[in-house]
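Those protein sequence lines, which keep their order, are chains A and B. Take the first sequence: its position 58, counted from the start at 1, is 58 in our numbering, and no numbers get skipped. Take the second sequence: its position 89, counted from the start at 1, is 205 in our numbering, and no numbers get skipped. Note that beta-carbon positions come from the ideal geometry of N, C-alpha and C, so glycine has one too. The structure displayed is predicted, hence computed values, not measured ones. Encoded as structure tokens, the structure appears first; notes follow it.
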Amino acid sequence: MNEKSLTKHLPLTEATYYILLSLVTPKHGYAVMKEAKEISAGTVRLAPGTLYGAFTSLEQNKLISMVDKEGRRKIYQLTEKGIRILIEQVDRLKIMIRCAEKISGLLPADLTKEGN
Amino acid sequence: MNKNTVKKFRWFWVWQDEQEEAWLSEMATRGYHLEKPQLFGVYHFHVGDPDNVIYRLDFTVIGKKDREAYLQLFQDAGWEHVRGLSYWAYFRKQYKPGETAEIFSDTDSKIQKYQRIIILLTFLLPIFLFIMSNIRPYLFGFLAGILTVTILILWTLSLNKLLQRISQLKKNN
């Protein structure tokens, strides 16, 4: 798999990022909705229409695939390509955090305090 | 027909989905709960107690098997699927303060709904024109001509309005 086919998906949107994180282990749609809400501390709430569309396009791009069915629910999981993209995204986020930590010493102290 | 059921007529154009949702919610506050939407603006309502109900319409072109999973996801998320009408799906949910009332949580997916309508309309036009051009001119030519022009006008208007909705959504994003 070449580098370009991975990086064209980056950066992931916040919603896609949490969907992919949830699908490290197999889950159906509603389980993804609950997981994304929980691990994002309530900042990401996925509505069903949005999630269904995301599943469709992630499946088309082969980042996730259906691994099982539970009644009428489809169960998805990350593909190898999905895992690679997620890892690449996490690496980029780490760089962003490192930059912020390096530079935050230069910012005015009163703006960097917690809760401001 | 059940005597607790009434039929109402109300016309909504393809770009007026939000007005339709608002009207259905308003009907619910008066005790009219949607049972079945039909073609040509006919709505069957069940008459019951007034209630605060949110209605949302989605537009999807999906196969039967995928449709099951699609409806299940909405159901799991607390949305009742009232009924479908052609490519439209009518969902409703009891209004609860603090709970999300949307079936789309971002602008992109809202835009994609209108894009799906545009794709279908674009796909249908050549089929319609092909049928019209095959009607024998000496018999129904005049009527076919009027119908073709009317459909073309409505088609252009619909496309224009839908594109307007999309650019509005993009601007407000």
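Taking only beta-carbon positions, decide if residue i is within less than 8 Å of chain B.
i, result
"Ile-64(A)", "no"
"Pro-11(A)", "no"
"Thr-50(A)", "yes"
"Ala-15(A)", "yes"
"Leu-27(A)", "Looking at the sequence shown, residue 27(A) is not Leu but Lys. No, no contact with chain B."
"Met-33(A)", "yes"
"Arg-84(A)", "no"
"Leu-146(A)", "Residue 146(A) lies beyond the stretch modelled for chain A, which goes from 1 to 116, so this question has no answer here."
"Gly-42(A)", "no"
"Tyr-18(A)", "no"
"Lys-8(A)", "no"
"Gly-53(A)", "yes"
"Lys-74(A)", "yes"
"Lys-102(A)", "no"
How many Å lie between residue i and residue j at the Cα?
i, j, result
"Ile-227(B)", "Thr-216(B)", "19 Å"
"Gly-115(A)", "Arg-172(B)", "Caution applies to Gly-115(A), whose pLDDT of 47 falls short of 50 and renders its modelled position unreliable; the value that the coordinates give is listed next. Answer to the nearest angstrom: the Cα atoms are 38 Å apart."
"Phe-207(B)", "Thr-266(B)", "32 Å"
"Ala-41(A)", "Tyr-18(A)", "11 Å"
"Glu-134(B)", "Ser-141(B)", "11 Å"
"Gln-231(B)", "Ser-104(A)", "43 Å"
"Asp-192(B)", "Ser-249(B)", "47 Å"
"His-28(A)", "Lys-229(B)", "22 Å"
"Ile-233(B)", "Val-90(A)", "36 Å"
"Met-117(B)", "Ala-54(A)", "With a pLDDT of only 47 at Met-117(B), under the threshold of 50, the placement of this residue in the model should not be trusted; the figure read from the coordinates follows. Distance between the alpha carbons of Met-117(B) and Ala-54(A): 41 Å."
"Thr-50(A)", "Ala-109(A)", "40 Å"
"Val-24(A)", "Leu-78(A)", "6 Å"
"Phe-125(B)", "Ile-97(A)", "58 Å"
"Leu-46(A)", "Gln-280(B)", "26 Å"
"Thr-56(A)", "Leu-107(A)", "43 Å"
"Ile-95(A)", "Glu-38(A)", "25 Å"
"His-162(B)", "Leu-187(B)", "22 Å"
"Phe-156(B)", "Leu-201(B)", "11 Å"
"Thr-121(B)", "Phe-190(B)", "26 Å"
"Ala-36(A)", "Ala-260(B)", "54 Å"
"Lys-8(A)", "Asp-224(B)", "18 Å"
"Lys-287(B)", "Trp-271(B)", "24 Å"
Can you give me the start and stop residues for the alpha helix (DSSP H) that residue i sits inside?
i, result
"Ser-5(A)", "3 to 7"
"Asp-192(B)", "180 to 192"
"Ala-205(B)", "Where Ala-205(B) is concerned, there is no enclosing alpha helix (DSSP H), although the beta strand (DSSP E) it sits in stretches over 204 to 210."
"Pro-242(B)", "223 to 249"
"Glu-196(B)", "No alpha helix (DSSP H) holds Glu-196(B); the beta strand (DSSP E) holding it covers 196 to 201."
Any beta carbon from chain A within less than 8 Å of residue i's own beta carbon?
i, result
"Phe-190(B)", "yes"
"Asp-174(B)", "yes"
"Thr-264(B)", "no"
"Gln-284(B)", "no"
"Ser-202(B)", "no"
"Ala-138(B)", "no"
"Trp-131(B)", "no"
"Asn-142(B)", "Reading the sequence as shown, one finds Glu at residue 142(B) and not Asn. Not one chain A Cβ lies under 8 Å of Glu-142(B)."
"Met-117(B)", "Residue placement at Met-117(B) is poorly supported in this model, since its pLDDT is 47, which falls under 50; the coordinates still yield a value, given next. It does not: the Cβ of Met-117(B) has no partner Cβ on chain A nearer than 8 Å."
Compare the Cα-Cα distances from residue i to each of the options and report the closest residue.
i, options, result
"Arg-73(A)", "Pro-26(A), Leu-6(A), Glu-38(A)", "Pro-26(A)"
"Glu-151(B)", "His-160(B), Thr-145(B), Ala-144(B), Met-143(B)", "His-160(B)"
"Leu-273(B)", "Trp-131(B), Lys-123(B), Phe-125(B)", "Trp-131(B)"
"Glu-80(A)", "Met-96(A), Leu-63(A), Gly-49(A), Val-67(A)", "Leu-63(A)"
"Ile-235(B)", "Pro-213(B), Ala-260(B), Leu-278(B)", "Leu-278(B)"
"Pro-153(B)", "Glu-218(B), Val-198(B), Lys-286(B), Lys-180(B)", "Val-198(B)"
"Leu-58(A)", "Ile-39(A), Lys-37(A), Thr-13(A)", "Thr-13(A)"
"Trp-129(B)", "Trp-204(B), Ile-251(B), Leu-263(B), Ser-221(B)", "Trp-204(B)"
"Leu-6(A)", "Cys-99(A), Lys-102(A), Arg-92(A)", "Arg-92(A)"
Terminal residues of the continuous beta strand (DSSP E) containing residue i?
i, result
"Glu-70(A)", "64 to 70"
"Thr-121(B)", "121 to 125"
"Phe-175(B)", "169 to 175"
"Phe-220(B)", "Neither: Phe-220(B) is in no beta strand (DSSP E) and is coded neither H nor E."
Under the criterion of a Cβ to heavy atom distance below 7 Å, does residue i qualify as lining the ligand GTP?
i, result
"Asp-222(B)", "Inclusion of the ligand GTP in the displayed structure is not the case, the ligand content being empty and no account of it being possible."
Please list the segments of the alpha helix (DSSP H) lying wholly inside the stretch 15 to 90 of chain A, counting only runs of 4 or more residues, in order along the chain.
-> Whole alpha helix (DSSP H) segments, 4+ residues: 29 to 39, 48 to 60.
In chain order, which continuous runs of the alpha helix (DSSP H) of length 4 or greater are located wholly inside the stretch 122 to 155 of chain B?
-> 133 to 145
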